[in-house]
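What follows is one structure encoded as structure tokens, with my remarks underneath.
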Amino acid sequence: MLIIACVCILAIAGLDQLIKAWITANFQLYEERPFLQIGSLDIMHLKYIENTGSAFSSFSGQRVLLLTVTGIATVVCIFLLIRYALKGRPLLFWSLTMIIGGGIGNMIDRIFHGGAVIDYLDLQLFDFAIFNFADCFVTVGTALLFIYILFFMDKKKPTIEEEPQIEPPQEESEHDD
């Protein structure tokens, strides 16, 4: 399972980087083109922007903070994946794999693009932040993680009656014979 996780993580981060490389090679910064339409209904555009913040541009310009938080979150997710998710917990496995892959994809951007993440998916149906492929995996992975925590995580804590009782050692009595 660890090999599957590594392959999936590399595939998510790698595909994310390939798409971003294509966007930066074929679009000017802030250039926008229709991408997905059904009839006359505009659903999604591709629009190349560089986001120096996190979701919805929060913490804009805080490169060190965002790299630190992303790095720590990635390490924690890797620990949880190895410690718990590889042991027969498929929902936890896939949620953490998605979060790690997407997080690494965006972390690569922050390191090699001056602290910015390349975003390009622009929903037209309603006003929403422009996002990228890695963001999709982080979001879906996080949603699955919450579902796992709410419905599948073992929350039972042992009660006093269930805790193993440790009996004190028996003292040997000396008999006068």
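Residue numbering for the sequence shown is 8 to 184, as defined by this note's numbering.
All C-beta atoms in this analysis are idealised placements derived from N, C-alpha and C, irrespective of residue type, glycine included.
Since we're looking at a predicted model, the values are computed, not measured.
Check                                                                                                                          : Outcome
DSSP three-state assignment for I30, whether helix, strand or coil                                                             : helix
G110 to L128 span [Cα, whole Å]                                                                                                : 17 Å
Inter-stretch contact at 8 Å, needing at least 3 Cβ pairs: the stretch 92-104 / the stretch 27-37                              : no
Beta-carbon proximity check, L43 vs Y55, cutoff 7 Å                                                                            : no
Minimum length 4: unbroken alpha helix (DSSP H) runs contained in the stretch 70-135                                           : 70-87, 97-119
Contacts around A18, its chain only, beta-carbon distance under 8 Å, and the 5 residues preceding and following it disregarded : G108
Backbone CA spacing between L88 and F100 [nearest angstrom]                                                                    : 6 Å
Whole-Å CB distance - S102 paired with L151, under 8 Å assumed                                                                 : 4 Å
I56: first and last residue of the uninterrupted beta strand (DSSP E) it sits in                                               : 48-58
Inter-stretch contact at 8 Å, needing at least 3 Cβ pairs: the stretch 46-60 / the stretch 114-134                             : yes
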